[in-house]
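Protein chains in written order, with this note's numbering: chain A, 1 to 205; chain B, 1001 to 1205.
No residue lacks a Cβ here, since even glycine has one placed at the ideal position from N, Cα and C.
Note that this is a predicted model, so its numbers are computed, not measured.
Report on the structure given below.
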DNA sequence: ATCAAATATGAATACCCATTCATTTTATGA
DNA sequence: TCATAAAATGAATGGGTATTCATATTTGAT
């Protein structure tokens, strides 16, 4: 299934195309995919209902287009923020921070990505499977370089994704402490990742 | 909003009531809330469409009923599995294991709980906020008893929920390694929680 | 200025689905 | 056995919405 009819070329067409994307992002976030009608989207975008179908073959294709775009945005954002970091620890910290700041700026992303589980399960699976795959590559490298312990990196990748996602959830949904400061939270998380949760007497192996 | 019309009393009524719940659980899991019609549910339950409304005032109320029931089931299951454990470490391990085994047995739970984010956001918030609150109580106690380090227990609770949920997701959706063994995965997770991810030379404080 | 292609319009279409209700069947207790 | 209540039926209703299409406008090249 193609996600768009064709790339718009003229100035006006580009504006219309982006107006649709912007309205959809906003409405999908506020009301969810199912409660958002194509008419809601077109009227918020300031265009006629029929115009929508000049750009997208269906409502679902628009959703997929947004999801794919966002998954790229997330990867690019994280990659750019950790590119110049040299240690795995710093990469991890900046990666988490980048993700949280991104979803805080654009809380739409959260909703849209998770909602895929209910719109197209394969899309959801693919999203996390491919994210994990990349993560594992980075972790394996760090194991080789002796920076992190030799654990099952696939499991570790899901642990780290879980941490990042739920901390993001807390921040985006304003769960718990209302005065959350991203840096402070990330410090706590990194402390956990570095030292573990428990008090032990024995030195580390 | 009440979730059911009234508790059924006679034998047949109880059967019908449970047939509806079972069919709904199955169909919401397979196709999601929005793609499941009341007719789908009643025909899979082997009853007429109208009968549905003798038990539930609306489709949404059935969903809420399932969600509330499941959140109780999860808490009860975890509580019963950790009741006799004495150390925080064991409680944590058995809690994670109980959760994963439960969602593996009834993968419906996963979908239904997360889908609440798109059906009724307050429901979703309440679910995790109250889960976190309980978690924090337990963690605070363990901090007092010197079993775990004195970190922000609210942040820690989201970290632990995130880990558990994403490991559960991996298992339920069969992401990555297809021969996942729950005990082995939980061992990796607990190792992480105990020692952290990184190799450090200094002994623990 | 002219024309063809690209864009845009919005009312009409066609389908879907939650819920209702008049009617029938089944259970219960006197 | 009969009367009453409880449970069940399923066709009909009504509201909603994704998509289409005949028509109109705008754009850009010649």
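{"Item": "List the whole-angstrom C-beta distance separating residue 193 of chain A from residue 100 of chain A, where the pair is believed to meet the contact cut-off of C-beta under 8 Å.", "Value": "In fact, because the Cβ distance is near 14 Å, the residues do not count as touching under 8 Å."}
{"Item": "Can you check whether the C-beta of residue 118 of chain A is within less than 8 Å of a C-beta belonging to chain B?", "Value": "yes"}
{"Item": "What is the DSSP secondary structure of residue 1166 of chain B, reduced to helix, strand or coil?", "Value": "helix"}
{"Item": "Scan the region 1131-1159 of chain B and note each continuous alpha helix (DSSP H) run of 4 residues or more that stays entirely inside, going in chain order.", "Value": "none"}
{"Item": "Name the chain A residues that come within less than 8 Å of residue 1147 of chain B, Cβ to Cβ?", "Value": "198 and 199"}
{"Item": "Identify whether residue 56 of chain A lies in helix, strand or coil by the three-state DSSP scheme.", "Value": "coil"}
{"Item": "Measure the C-alpha to C-alpha separation of residue 1033 of chain B and residue 1141 of chain B and round it to an integer number of angstroms.", "Value": "39 Å"}
{"Item": "If we cut at 8 Å on Cβ distances, does residue 72 of chain A have a partner in chain B?", "Value": "no"}
{"Item": "Less than 8 Å between CB atoms is the rule here; does residue 204 of chain A satisfy it with respect to chain B?", "Value": "For residue 204 of chain A, the pLDDT reaches just 45, beneath the cut-off of 50, and the residue's location in the model is therefore unreliable, although a value from the coordinates is still provided. It does; some Cβ of chain B falls within 8 Å."}
{"Item": "Determine the direct distance from the alpha carbon of residue 50 of chain A to that of residue 999 of chain B, and round the result to whole angstroms.", "Value": "Given a span of 1001 to 1205 for chain B in the structure shown, any question on residue 999 of chain B remains unanswerable."}
{"Item": "Taking 8 Å as the threshold, find out whether the region 26-44 of chain A comes into contact with the region 110-123 of chain A through three or more Cβ pairs.", "Value": "yes"}
{"Item": "Roughly how many whole angstroms lie between the Cα atoms of residue 1207 of chain B and residue 1018 of chain B?", "Value": "What the structure shows of chain B is the stretch from 1001 to 1205, and residue 1207 of chain B is not part of that stretch, so it cannot be assessed."}
{"Item": "Leaving out five residues on either side along the sequence, give the residues of the same chain with a beta carbon under 6 Å from the beta carbon of residue 1042 of chain B.", "Value": "1049 and 1052"}
{"Item": "What are the residues that DSSP puts in a beta bridge with residue 1198 of chain B?", "Value": "A:148"}
{"Item": "Give the list of continuous alpha helix (DSSP H) stretches no shorter than 4 residues that lie fully inside the region 1028-1056 of chain B.", "Value": "1038-1045 and 1052-1055"}
{"Item": "What's the gap between the Cα of residue 1059 of chain B and the Cα of residue 1001 of chain B?", "Value": "12 Å"}
{"Item": "Just mark residue 1088 of chain B as buried or exposed, buried being the case when its beta carbon has 16 or more other beta carbons within 10 Å.", "Value": "buried"}
{"Item": "Would you say residue 1198 of chain B and residue 96 of chain A are within 8 Å of each other, going by their C-beta atoms?", "Value": "no"}
{"Item": "For a cutoff of 8 Å on Cβ pairs, would you count residue 161 of chain A as touching chain B?", "Value": "yes"}
{"Item": "Could you give the distance in angstroms between the alpha-carbon of residue 145 of chain A and the alpha-carbon of residue 137 of chain A?", "Value": "13 Å"}
{"Item": "Do you know offhand how far residue 206 of chain A's Cα is from residue 44 of chain A's?", "Value": "This structure cannot speak to residue 206 of chain A, because chain A is shown only from 1 to 205."}
{"Item": "So residue 176 of chain A packs on residue 1079 of chain B, CB below 8 Å; how close in whole Å?", "Value": "So it is not a contact: roughly 22 Å between Cβ atoms."}
{"Item": "Quick one, which residues of the region 158-187 of chain A are near chain B if we go by CB-CB under 7 Å, in chain order?", "Value": "158, 159, 161, 162, 163, 165, 166, 167, 170, 173, 175, 176, 177 and 185"}
{"Item": "So, is residue 12 of chain A buried or exposed, given that buried needs 16 or more other C-beta atoms within 10 angstroms?", "Value": "exposed"}
{"Item": "With distances taken from CA atoms, which of A:195, A:124 and A:180 is nearest residue 68 of chain A?", "Value": "A:124"}
{"Item": "Got a sec: is the Cβ-Cβ distance from residue 95 of chain A to anything in chain B below 8 Å?", "Value": "no"}
{"Item": "Please return the same chain residues whose Cβ sits closer than 6 Å to the Cβ of residue 1203 of chain B, not counting the five positions on each side in sequence.", "Value": "Residue confidence for residue 1203 of chain B is low, a pLDDT of 48 falling below 50, so the modelled location carries little weight and cannot support an answer."}
{"Item": "Against residue 128 of chain A, what residues of chain B qualify as contacts under a CB-to-CB distance less than 7 Å, listed in chain order?", "Value": "1175"}
{"Item": "Quick check: the Cα distance between residue 1126 of chain B and residue 162 of chain A, rounded to an integer number of angstroms?", "Value": "19 Å"}
{"Item": "Given that residue 1111 of chain B touches chain A, what residues does it touch there, using C-beta distances under 8 Å?", "Value": "117 and 118"}
{"Item": "Any C-beta of chain B sitting closer than 8 Å to the C-beta of residue 194 of chain A?", "Value": "yes"}
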